[in-house]
Amino acid sequence: MRTTISVAQLRSQFVRDVEEISGEDLLACNQCGKCSAGCPVAAAMDMLPSQVIRMAQLGLTEVLQSRTVWICASCLTCVARCPKGVDLPRLMEALREISLRAGAAEINLDQLPPDLVRELPQLAIVGGFRKYIK
Amino acid sequence: MKISYYPGCTLSTKAKGYDHSGRTVATALGMELVELPDWQCCGATFPLATDNSMALIAPTRVLYQAEQAGEQVAALCAICYHVLKRTQTALERDPAMRERINWFTEQEYGGRVRVVHLLELLRDHLGWDELARRVVRPLSGLRAAPYYGCLLLRPYDEIGLDNPEAPTVLHDLLRALRADPVDFPYSIECCGSYLTVKDPTVSETLSRDIVASARAAGAQVLVTACPLCQFNLDWPQRETAFGRTGDEIPVLYFTQLMAVALGLPEEDWGVEGMYTDPRPLLRKWAGGEDR
Chain X
1 MRTTISVAQL RSQFVRDVEE ISGEDLLACN QCGKCSAGCP VAAAMDMLPS QVIRMAQLGL
61 TEVLQSRTVW ICASCLTCVA RCPKGVDLPR LMEALREISL RAGAAEINLD QLPPDLVREL
121 PQLAIVGGFR KYIK
Chain Z
135 MKISYYPGCT LSTKAKGYDH SGRTVATALG MELVELPDWQ CCGATFPLAT DNSMALIAPT
195 RVLYQAEQAG EQVAALCAIC YHVLKRTQTA LERDPAMRER INWFTEQEYG GRVRVVHLLE
255 LLRDHLGWDE LARRVVRPLS GLRAAPYYGC LLLRPYDEIG LDNPEAPTVL HDLLRALRAD
315 PVDFPYSIEC CGSYLTVKDP TVSETLSRDI VASARAAGAQ VLVTACPLCQ FNLDWPQRET
375 AFGRTGDEIP VLYFTQLMAV ALGLPEEDWG VEGMYTDPRP LLRKWAGGED R
């Protein structure tokens, strides 16, 4: 597959939105991969965390389709280890927010398994609703 | 010593045993946890989007209520602690944001209150030596795996409770109770947190790995400070769970082990309703029988 990267893309509104919402400098990441190496949920992701940053750096909006941004549980392991001080969970949150603010919903409240909902601790429900739906 | 206490939603409902054992052991150690008179949910997530000041309103209200009551407010739930502590830090570093929230809530939060976890009070106020002196039922020979999880420790810059990569606070607590802390490689790995709402199979896989790792290291119980970790690690071990192997191990709150070691009666352990019943194991130490 051919991917075109243009200067316009590198300075697109998408890149500015990600940086503004996250408060992070995308280009601070030098792609060392330490976040991906230590990510406890990487096995369930379709794209490694460091690849998500790379795509965002390049202004490739396809990154919004990645499952990775929804699998990230904000455990902050990568934050503790990033040698460049990049707060990757903030970037993931920015990508989720861009989708959620455009009307996406990651969970369907009617389809949550009832036996699980009965048992879930309240903070999982409150936290999950805040992360996955507006 | 009296100290304000914020239980949070989960400790008032699903994790009542954590709340009860926490209050009881604190009282037994001369630290009375006084529940804030009028509190509400902290929101259960700290907002990671810089433009989401809405999500800071709920925790700021809690901090305001706590500030009226005293200089410190203690939490037991690791997630409440995380949200409140990060909000405290964020509003300390960004006075303009504090003003903005105060303008909205019409409450003057002054930024003076300090959020502490009961573990910090035990370590820094009471001290491990003093705790060790209060132990009447030493948990000698109990192999307990300290499971720290994520939000109690990270990010260090804003929380600062313990070393985020090599924490010791639960280890030290277990040693004071004379239990043997078991080191295992998944001690600070994520349990999947609220992924359990959206992708339960992913969080169950993470949780099973954590439990299996602790068991392989010889642990008889896992010890945590977080009601979501407790649920995520214990739920896949429930009786009706698919893939149950029969060698399940209880997932306990540190306060429950403290209740046993301090010689409190079984009704004060707060262990009812856990998916893996810890009572058959704990009674060995409470009764002082052979083990």
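Top to bottom, those sequences are chains X and Z. If you count the first sequence from 1, position 96 lands on 96 in my numbering, and the numbers rise without skipping. If you count the second sequence from 1, position 118 lands on 252 in my numbering, and the numbers rise without skipping. Where is the CB? At the ideal position from N, CA and C, for every residue including glycine. Model, not experiment: these values are computed from the prediction.
Chain-order list of chain Z residues neighbouring LYS131/X: THR179, TYR328, by C-beta distance under 7 angstroms. Contact note: PRO40/X reaches chain Z through GLU323, CYS324, LEU340, using a C-beta cutoff of 7 angstroms and chain order.
Taking the C-beta atoms as reference points, SER138/Z is found nearer than 7 angstroms to ALA200/Z.
For ILE53/X, no Cβ of chain Z is located within less than 7 angstroms of the residue's own Cβ.
In this structure, the beta-carbon distance from LEU76/X to THR144/Z does not fall below 7 angstroms. Check the Cα spacing between VAL63/X and each of GLN13/X, ALA43/X, MET92/X: the tightest is with MET92/X.
Neighbours of TYR387/Z across chain X, judged by C-beta separation under 8 angstroms, do not exist; the nearest C-beta is about 13 angstroms away.
Within the region 63 to 127 of chain X, the runs of alpha helix (DSSP H) that reach at least 4 residues and sit entirely inside it are, in chain order, 68 to 71, 77 to 81, 88 to 101, 114 to 119.
Linking THR61/X to CYS72/X through their CA atoms gives a straight-line distance of about 18 angstroms.
For THR161/Z, the enclosing alpha helix (DSSP H) begins and ends at 150 to 162.
By the neighbour-count definition (other C-beta atoms within 10 Å, threshold 16), PHE388/Z is a buried residue.
Annotation for SER138/Z: the continuous beta strand (DSSP E) segment containing it runs 136 to 140.
Between the region 350 to 369 of chain Z and the region 306 to 323 of chain Z there are three or more C-beta pairs closer than 8 angstroms, enough to call the two in contact. Cα atoms of ALA313/Z and LEU295/Z: separation of roughly 22 angstroms, rounded to the nearest angstrom.
Your pair ARG90/X and GLY38/X does not check out as a contact, with CB atoms roughly 17 angstroms apart and the cut at 8 angstroms.
Counting only Cβ-Cβ distances below 8 angstroms, VAL126/X has contacts in chain Z at CYS143, CYS175, GLY177, ALA178, THR179, in chain order.
When DSSP assignments are scanned along the region 199 to 247 of chain Z, the uninterrupted stretches of alpha helix (DSSP H) that are 4 or more residues long and fall wholly within it turn out to be 212 to 227, 229 to 239. A straight line joining the alpha-carbon of LYS332/Z with that of GLU106/X spans about 8 angstroms. For VAL331/Z, the residues of chain X that pass the 9 angstroms Cβ criterion are ILE107, LEU112, LEU116, VAL117, LEU120, ALA124, ILE125, GLY127, GLY128, PHE129, LYS131, TYR132, in the order they occur in the chain.
By the Cβ rule, the region 13 to 30 of chain X counts as touching the region 178 to 191 of chain Z, because three or more pairs are nearer than 8 angstroms.
Annotation: Cβ neighbours of PRO334/Z in chain X (cutoff 8 angstroms, chain order): PRO113, LEU116. For GLN65/X, the number of other beta carbons within 10 angstroms of its own is below 16, and it is reported as exposed. For CYS32/X and GLN51/X, the gap between their C-alpha atoms comes out near 11 angstroms. In this structure, GLY244/Z lies away from GLU226/Z, with their beta-carbon atoms at least 7 angstroms apart. The beta carbons of CYS324/Z and LEU367/Z sit no closer together than 7 angstroms. Within chain Z, the residues LEU182, ALA183 have their CB atoms less than 7 angstroms from the CB of GLU93/X, given in chain order. Taking 7 angstroms as the threshold, the shortest C-beta distance from THR147/Z to chain X falls below it. The CB of ALA104/X never comes closer than 9 angstroms to any CB in chain Z; the least such distance is about 13 angstroms. Rounded to whole angstroms, GLY380/Z and ALA346/Z show a C-alpha spacing of 12 angstroms. In the three-state DSSP reduction, ARG257/Z falls in the helix class (H, G or I).
Under the three-state reduction of DSSP output, GLU169/Z falls in the strand class. Around the beta carbon of ILE5/X, a 10 Å sphere encloses fewer than 16 other beta carbons of the protein chains shown; the residue is thus reported as exposed.
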